[in-house]
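**Q** One structure follows; several queries about it will come next.
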Amino acid sequence: MPAETVRLTTAQALVRFLAAQHSERDGNEQRLIPGVWGIFGHGNVAGLGQALLQAAQTGEADLPYYLARNEQAMVHAAAAYAKMKNRLQAFACTASTGPGSTNMITGAALATTNRLPVLLLPSDMFASRVPDPVLQQLEDTRAGDVSVNDAFRPVSKYFDRVSRPEQLIPAALAAMRVLTDPVETGAVTLCLPQDVQAEAFDWPREFFRRRVWRVGRVAPEPAAVERVSALLRSAEKPLIVAGGGVVYGEAEAELRAFAEATGIPVADTHAGKGAVPWDHPAAVGGLGSTGTSAANALAAEADVVLGIGTRYSDFTTASHTVFGNPDVTFANLNVARLDAAKHSAEMLLADAKTGIAALAKALDGWSVADEYRAETRRLAEEWQAKADACFDLGHGPLPAQTEILGALNAALDDSDVVINAAGSMPGDLQMLWRARDPKAYNVEYAFSCMGYEIAAGVGTKMAAPEREVVVLVGDGSYLMLASEIATMVSEGLKVIIVIVQNHGFASIGSLSESLGSQRFGTKYRYRDEKSGLLDGDVLPVDLAANAASFGAEVIKADSVATFRDAIAKAKANDRTTVVHVETDLTGPNPPGSAWWEVPVSEVSELDSTRAAYAAYTDHKRDQRHYL
Numbered sequence: 001m002p003a004e005t006v007r008l009t010t011a012q013a014l015v016r017f018l019a020a021q022h023s024e025r026d027g028n029e030q031r032l033i034p035g036v037w038g039i040f041g042h043g044n045v046a047g048l049g050q051a052l053l054q055a056a057q058t059g060e061a062d063l064p065y066y067l068a069r070n071e072q073a074m075v076h077a078a079a080a081y082a083k084m085k086n087r088l089q090a091f092a093c094t095a096s097t098g099p100g101s102t103n104m105i106t107g108a109a110l111a112t113t114n115r116l117p118v119l120l121l122p123s124d125m126f127a128s129r130v131p132d133p134v135l136q137q138l139e140d141t142r143a144g145d146v147s148v149n150d151a152f153r154p155v156s157k158y159f160d161r162v163s164r165p166e167q168l169i170p171a172a173l174a175a176m177r178v179l180t181d182p183v184e185t186g187a188v189t190l191c192l193p194q195d196v197q198a199e200a201f202d203w204p205r206e207f208f209r210r211r212v213w214r215v216g217r218v219a220p221e222p223a224a225v226e227r228v229s230a231l232l233r234s235a236e237k238p239l240i241v242a243g244g245g246v247v248y249g250e251a252e253a254e255l256r257a258f259a260e261a262t263g264i265p266v267a268d269t270h271a272g273k274g275a276v277p278w279d280h281p282a283a284v285g286g287l288g289s290t291g292t293s294a295a296n297a298l299a300a301e302a303d304v305v306l307g308i309g310t311r312y313s314d315f316t317t318a319s320h321t322v323f324g325n326p327d328v329t330f331a332n333l334n335v336a337r338l339d340a341a342k343h344s345a346e347m348l349l350a351d352a353k354t355g356i357a358a359l360a361k362a363l364d365g366w367s368v369a370d371e372y373r374a375e376t377r378r379l380a381e382e383w384q385a386k387a388d389a390c391f392d393l394g395h396g397p398l399p400a401q402t403e404i405l406g407a408l409n410a411a412l413d414d415s416d417v418v419i420n421a422a423g424s425m426p427g428d429l430q431m432l433w434r435a436r437d438p439k440a441y442n443v444e445y446a447f448s449c450m451g452y453e454i455a456a457g458v459g460t461k462m463a464a465p466e467r468e469v470v471v472l473v474g475d476g477s478y479l480m481l482a483s484e485i486a487t488m489v490s491e492g493l494k495v496i497i498v499i500v501q502n503h504g505f506a507s508i509g510s511l512s513e514s515l516g517s518q519r520f521g522t523k524y525r526y527r528d529e530k531s532g533l534l535d536g537d538v539l540p541v542d543l544a545a546n547a548a549s550f551g552a553e554v555i556k557a558d559s560v561a562t563f564r565d566a567i568a569k570a571k572a573n574d575r576t577t578v579v580h581v582e583t584d585l586t587g588p589n590p591p592g593s594a595w596w597e598v599p600v601s602e603v604s605e606l607d608s609t610r611a612a613y614a615a616y617t618d619h620k621r622d623q624r625h626y627l
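The numbers in UniProt numbering rise by one with no breaks, and the one at position 162 of the sequence shown is 162.
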């Protein structure tokens, strides 16, 4: 007997399919695809646009549509939403052909680098090729089946082009598999030629049944648990590096209990911050290039390092210099073999929750020496005193950025979310921010993408409407991508945006100076007629007025005291509010205790560059492979 079918366009079928997908972990089910972000153009308005409209008007599929203002931004919003939902939900994003679709590529790279699930539906050129070349089509002289969307391939964890309606069935199922795989997840791209979107097909009704994708917890191999626990038992100065896998695996309670029982200090990455509260007896703060002096001092002497859910970026390892013990050995607990194998580690392939529980059982009764516990607390307390000093500098005439961060940290509740991604603030936040809740700290530092912040505020607030969401953005990132303030206003989202205005690129300016490049090209200035350089007067850019033009309420602050008052007013508001404050472009910055490798010109006519190269070669001597 032939299967029962229903005649729909490819786009209508995709909308109906997506609305029926769910995910489940630990017995909790939720919609896998809660909605679709989009901007319509000629490539998708009559395909996915029509399908979403029809679904909304007829009720045949529950798949809400959200209008973005920039295609890159909507992918950032989707990634931030997935992050807050511990990768158990993923928005879809639809864009038109050509630039509409290629605008999503940076967002795709961010999602994949951060291992966050997003479903991208870029429109493509006519599969029939009859009207070629159409508006916005790239003509490749080497191949007839290439379009600009092929640029998604290297930044996607799964890529497919649906050139015939019936190809959607295996493609859509494969997409859901990758989105819900903790090891493989990232950007998933299904290219949809604009004619195929509107083409009809007789679809088997079974394709649209309610599906639940199980996100299981990988149990560790007993022999691997024994090997790692034996390694830890042999250690005198072990150290835990807590990464995003702890948070996505919802293993915060297990990690805290494990640290308390064993006395092993816990350093964190950006993605792992808050998994152990900043004032927990085992917490020593951020590790690496922008880490605390406490974490880095412990890393320098650690004999065994247990990485949990971390990818060991160069900032975490201080470009392979922070772990200074010549005999240091690594053990990595991770769901992904790629990360578990790093630094020649003893691998424990497991979900963070099950893996930590297994190690806790194997190490029952074992603890580091009391003297090591005491050393951990001494170093942590010494660092917190340094952080307090950064918060209370009394710097003038403009406040230091660290003073603004201190005032903001003190004003926010433990569950309030702070968002940032690029510039000088991630480094300051990694060192100074005091987090107790792992979902209260969202600093995107895998791709460190300027422009992520405001868009991420949209996705974060949608994922957690009960939380106060605060976007921290410098003038550089703001000028890159501020348009989603209009989306916040249109959707009635209450988000606080703090614009830290310092008329330039503070982070790269400081880095440039340290590399002997004299802050060249890092300030927002008029071009000077005599020098020919951008070192004239400050540009009269009014970011507060710009923010107000999107419909946000704007409060200006000119000191730490008025900033505190502004944040209190913003928290009391029920609508998107922007707080604008100016800070000193040149710091002062928190005291650093580790290195980050950025190559310096080996030969130069500039004294500043030659001096920087000498310092660079000194640091290179400490660099090593962990073998």
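Here a beta-carbon is modelled for each residue, glycine too, at the ideal position from N, C-alpha and C.
All values derive from a computational prediction rather than experimental measurement.
Please go through the same chain and pick out, in chain order, the residues whose beta-carbon is closer than 6 Å to the beta-carbon of R161, but skip the five residues on each side of it.
**A** Contacts found: C191.
**Q** Flag this pair as yes or no: are the beta carbons of A552 and T576 separated by less than 7 Å?
**A** yes
**Q** In angstroms, rounded to a whole number, what distance separates the CA positions of residue 630 and T189?
**A** No statement about residue 630 is possible, as the shown extent of the chain runs from 1 to 627 and does not include it.
**Q** Do V495 and V473 have their CB atoms nearer than 7 Å?
**A** no
**Q** Please check the pair I419 and E453, which I expect to be a contact at CB under 8 Å, by giving their CB distance rounded to whole angstroms.
**A** 6 Å
**Q** In this structure, how does DSSP classify G396 when only helix, strand and coil are distinguished?
**A** In this structure, G396 counts as coil in the three-state DSSP scheme.
**Q** Tell me whether Q501 is buried or exposed, calling it buried when 16 or more other Cβ atoms sit within 10 Å of its Cβ.
**A** buried
**Q** Specify whether the segment 610-617 and the segment 513-522 touch according to this definition: at least 3 beta carbon pairs, one from each stretch, less than 8 Å apart.
**A** Result yes; three or more Cβ-Cβ pairs closer than 8 Å.
**Q** Quick check: the segment 430-447 against the segment 50-63, are there 3 or more CB pairs under 8 Å?
**A** no
**Q** Check each candidate in A80, I555, E254, A56 and name the one with the smallest Cα separation from T460.
**A** A80
**Q** Take the Cβ of E71 as the centre, count every other Cβ of all protein chains shown within 10 Å, and call the residue buried at 16 or more, exposed below.
**A** Flag for E71 reads buried.
**Q** For the putative contact between F505 and G532, defined by C-beta atoms under 8 Å, what is the C-beta separation to the nearest angstrom?
**A** About 20 Å; that fails the 8 Å criterion.
**Q** Based on the DSSP secondary-structure assignment, which residues constitute the bridge partners of I419?
**A** N442, V471
**Q** Just to confirm my understanding: we take G212, look at its own chain, exclude 5 residues before and 5 after, and list those with CB closer than 8 Å. What are they?
**A** Reading off the sequence, residue 212 comes out as Val, not Gly. Once the five neighbours on either side are set aside, the close Cβ partners of V212 are H22, S23, E24, E29.
**Q** Taking contact to mean 3 or more Cβ pairs, one atom from each stretch, closer than 8 Å, check whether the segment 29-45 and the segment 86-104 are in contact.
**A** yes
**Q** Tell me which same chain residues have a C-beta within less than 7 Å of the C-beta of A336, skipping the five on either side of it?
**A** V183
**Q** Give the DSSP-derived three-state secondary structure of M347 in the structure shown.
**A** Residue state, collapsed to three classes: strand.
**Q** Just grab the DSSP bridge partners of E602 for me.
**A** Per DSSP, none; premise fails for E602.
**Q** Using the Cα positions of residue 635 and P590, report the straight-line distance between them to the nearest angstrom.
**A** Any answer about residue 635 is impossible in this case: the structure gives the chain only from 1 up to 627.
**Q** Beta strand (DSSP E) containing L239: first to last residue?
**A** 238-242
**Q** Under 7 Å, do R233 and E346 count as touching if we go by C-beta distance?
**A** no
**Q** Can we count G286 as close to the ligand COA, meaning its CB is less than 6 Å from some heavy atom?
**A** The ligand COA is absent from the structure shown, which contains no ligands of any kind.
**Q** Less than 8 Å between C-beta atoms, sequence neighbours within five positions excluded: which residues of the same chain meet that for D392?
**A** E403, G406
**Q** Looking only at C-alpha atoms, which of R153, T102, Q197, D327 sits nearest to S128?
**A** Q197
**Q** Relative to the C-alpha of N149, which candidate in D565, T102, W595 has its C-alpha closest?
**A** T102
**Q** How far does the beta strand (DSSP E) with S23 in it reach, from first residue to last?
**A** Per DSSP, S23 belongs to the beta strand (DSSP E) from 21-25.
**Q** How big is the Cα-Cα spacing for L88 and V118?
**A** 11 Å
**Q** Between which residues of its own chain and T180 is the CB-CB distance below 6 Å, once the five residues before and five after are set aside?
**A** S23, W213, V215
**Q** Cα separation between A19 and P34?
**A** 8 Å
**Q** So what's Y158 in DSSP terms, helix, strand or just coil?
**A** strand
**Q** Are three or more beta carbon pairs between the segment 348-355 and the segment 247-254 nearer than 8 Å?
**A** yes
**Q** Give me the residue from G324, D414, R256, M425 with the minimum Cα distance to V498.
**A** M425
**Q** Taking the alpha-carbon positions, what's the T9 to M84 distance?
**A** Cα to Cα, the separation comes out at about 33 Å.
**Q** Would you kindly report the start and end of the unbroken alpha helix (DSSP H) that includes residue 633?
**A** No answer is possible for residue 633: the residues shown for the chain start at 1 and end at 627.
**Q** Under the rule that 16 or more other beta-carbon atoms within 10 Å means buried, what is H76, buried or exposed?
**A** Of the other Cβ atoms in all chains shown, 16 or more fall within 10 Å of the Cβ of H76; this residue is therefore buried.
**Q** Determine the DSSP secondary structure at A174, reduced to helix, strand or coil.
**A** In the structure shown, A174 sits in a helix (DSSP, three-state: H, G or I).
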